[in-house]
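Here is the structure we will look at, set down as structure tokens.
Chains as they are written, first to last, in my numbering: chain A, 1 to 337; chain B, 1 to 337.
As structure tokens, then:
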């Protein structure tokens, strides 16, 4: 085992980088939900003035990144690396956002796990001494995701009870070295898990085993118990996946019920906003963490959180070819130290 | 500027990881080309016994990775991280290969730059002390790529002169710390470049400016001249892109003509095999580097090479929406030290 790893899947950072600025940009529907006061920018128009939903999504990721750089009084040339990914085929939201930013760029694909994946790699690169500043970012858009993964909106398809509503939004986090900000202290990298779920209307159930596995490994590797954290928050399991995760972790001997939350479960008023099992998409974990939880950390309302994002690693093609939906989850400890 | 960076985009590794094993798996057509003797596994059937081209592609990536682990007399549980990506929507080749390997997994998307992208990140993570062993891998498949990016093969579309032939193949590299193997000494991370090319039949021209930019930055950052290297090899610019790259670098004051090669230009006999401007796809750079060049390094025929892979960061959707094709290139110095 290498020196900086503790346990099988976790790295304890020796020089924990600080999250010195974040930006959350959301669409109009997210801006009417219960977390509306915690988002930085709420769009009045989910096309953001662009002529396609895909271009809109790319533009909101660009906005999240460029606003974050501005908040820290930096310029693009100060940023050593940009790590970003999104849900669209060939991650075009990230690629076209990166085109307009002259920053060395690593493109990622981890489906809805991308906020934790980008933050994990960014934290390791910072800790290793390869950068002074790194941006981690991701996005999703309800209308670009629906037509790519399910049906064109114009079909007016009925939504299943376990289905989730892809968040329109983008988040960006800027890592630096100085100041009174929360630090990334541990990175637990996930293994792909597949329990045979085949329905794209039940992503929460497909991703829950991955979340359970990564939370379990994180707690085992660090020797921590769930109550070490003020919050353990998964990305977008929604109401169905959240319940499965809580129940399965109990079977593994961990009762997370007092500290466990899920970004997908809280971003919408699921009854009133008719979002069924809750929010989903890379943007869900991104905006709830860059908006709601980062503000709670900065206000001192919480001081230790375990941020997880969970990804369903399927494609419409793999589903049509009869494949089940594998999931992955990455976890990052964020603490004031 | 952070300590380990030299110049604007390059890291000089303090503990250069070694490439202790590689595997190249290719399809029947690649196995009839001029580099056939340098590949580890040549498939007799490009479906690899699977019932879809996508499943075939995933299975050959799995083969490349698992054979590489075997060659080093290791098991999956010895590998700290797997970094992999491919061309398919939602990188399903990599995701389903990772599902069958119980290794902490970071999914990447860099289009055909993925061999250099995965090797770059793997090298930084190794150098930083986060792992004893990491696998970097990528794949492509002619038949899964054609139907996703251009036309179903059944249409029998004519091929343009500047078009390239997507390589069916997968490569995997295993990084370790010990032994008489070539090391990764420098990592130069690319910036997205877009010169306004819009034709998916001319990817070489779209990607060449990115290759030029990254080679130029690498030489400026390290203070090296092209003749420091025995070979500077780009991934899949093909004949058209190779010429543009050579000419543009001359304008920037660097004559690379004596040491410059392109994997896409040499993998096929372009006249006899009717591959027009040459090979392309993530697999092109992967199999030529994991096969042909790695064997040359191990035999002592070359001792210093600059490996670049170049990616065209478009999607069929972005092309239909009128977007041009941005490119990116990452470079990795591989040397016996």
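C-beta atoms are modelled at their ideal positions from N, C-alpha and C, and glycine is treated no differently.
- request: May I ask which residues mark the beginning and end of the beta strand (DSSP E) holding residue 170 of chain A?
  value: 169-176
message: For residue 170 of chain A, tell me which candidate among A/272, A/158, A/282 has the shortest Cα-Cα distance.
response: A/282
Chain-ordered chain D contacts of residue 85 of chain A [CB-CB under 9 Å]: This model lacks chain D altogether; the protein chains it does include are A and B.
field: Residue of A/259, A/312, A/165 minimising C-alpha distance to residue 207 of chain A
entry: A/312
Runs of alpha helix (DSSP H) lying entirely within the stretch 157-230 of chain A, each at least 4 residues, in chain order: 203-222
- request: Assign residue 298 of chain A to one of three DSSP states: helix, strand, or coil.
  value: helix
- prompt: Is any beta-carbon of chain A found at less than 8 Å from that of residue 130 of chain B?
  reply: yes
- prompt: Are the stretch 209-216 of chain A and the stretch 244-262 of chain A touching by the rule of at least three beta carbon pairs closer than 8 Å?
  reply: yes
- prompt: Where does residue 308 of chain B fall in DSSP's three states?
  reply: strand
message: Give me the chain A residues within the contact set of residue 102 of chain B, using Cβ-Cβ distance strictly less than 8 Å, ordered along the chain.
response: 191
field: Contact under 8 Å by Cβ, residue 164 of chain A with residue 31 of chain A
entry: no
query: Which runs of the beta strand (DSSP E), 3 residues or longer, sit entirely within the stretch 250-301 of chain B?
result: 260-262
- prompt: What's the call for residue 301 of chain A, buried or exposed, on a 16-neighbour Cβ count within 10 Å?
  reply: exposed
- request: Tell me, please, whether the CB atom of residue 220 of chain A is closer than 8 Å to any CB atom in chain B?
  value: no
Length of the line joining the Cα atoms of residue 183 of chain A and residue 122 of chain A: 12 Å
- prompt: To the nearest whole angstrom, what separates the beta carbons of residue 61 of chain A and residue 38 of chain A, a pair I think is in contact under 8 Å?
  reply: That belief does not hold up - the Cβ atoms of residue 61 of chain A and residue 38 of chain A are roughly 19 Å apart, past 8 Å.
task: Drop a sphere of 10 angstroms on the beta-carbon of residue 1 of chain A, count the other beta-carbons inside from all chains shown, and report buried for 16 or more, exposed for fewer.
output: Because the pLDDT of residue 1 of chain A is 49, which lies under 50, any placement of that residue in the model is unreliable, and the question is left without a value.
task: With a 10 Å radius around its C-beta and 16 neighbouring C-beta atoms as the bar for buried, classify residue 73 of chain B as buried or exposed.
output: exposed
- prompt: Taking the Cβ atom as the reference point for each residue, do residue 290 of chain A and residue 263 of chain A lie within a distance shorter than 8 Å?
  reply: no
query: Which residues, in chain order, does the stretch 314-326 of chain A contribute to contact with chain B at a C-beta distance below 8 Å?
result: 314, 315, 316, 317, 318, 321, 323, 326
message: Taking beta-carbon pairs under 7 Å, can you tell me which members of the stretch 6-19 of chain A lie near chain B?
response: 9, 11
Beta-carbon gap between residue 332 of chain A and residue 167 of chain A smaller than 8 Å: no
message: Any beta carbon from chain A within less than 8 Å of residue 98 of chain B's own beta carbon?
response: yes
message: Between residue 127 of chain A and chain B, is any beta-carbon pair separated by less than 8 Å?
response: yes
message: Quick check on residue 103 of chain B: does DSSP put it in helix, strand or coil?
response: coil
- prompt: Taking 8 Å as the CB-CB limit, is residue 52 of chain A close to chain B?
  reply: yes
message: Buried or exposed for residue 23 of chain A, going by 16 or more other Cβ atoms inside 10 Å?
response: buried
Pairwise C-alpha distance: residue 118 of chain B and residue 97 of chain B: 15 Å
query: Name the chain B residues whose beta carbon is nearer than 9 Å to that of residue 45 of chain A?
result: The contacting residues do not exist; residue 45 of chain A stays about 18 Å from chain B at best.
- prompt: At a Cβ threshold of 8 Å, is residue 88 of chain B touching chain A?
  reply: yes
message: Three Cβ pairs or more, each shorter than 8 Å: is that satisfied between the stretch 252-260 of chain A and the stretch 132-149 of chain A?
response: no
For residue 119 of chain B, three-class secondary structure by DSSP: helix
task: Quick one: list the residues of chain A neighbouring residue 81 of chain B, beta-carbon separation under 8 Å, in chain order.
output: 189
- request: Decide yes or no for the touch test of the stretch 314-323 of chain B against the stretch 51-59 of chain A: beta carbon pairs closer than 8 Å, at least 3 of them.
  value: yes
- request: Would you grab the beta carbon distance between residue 329 of chain A and residue 190 of chain A for me? Rounded to a whole angstrom, and I think it's under 8 Å.
  value: 5 Å
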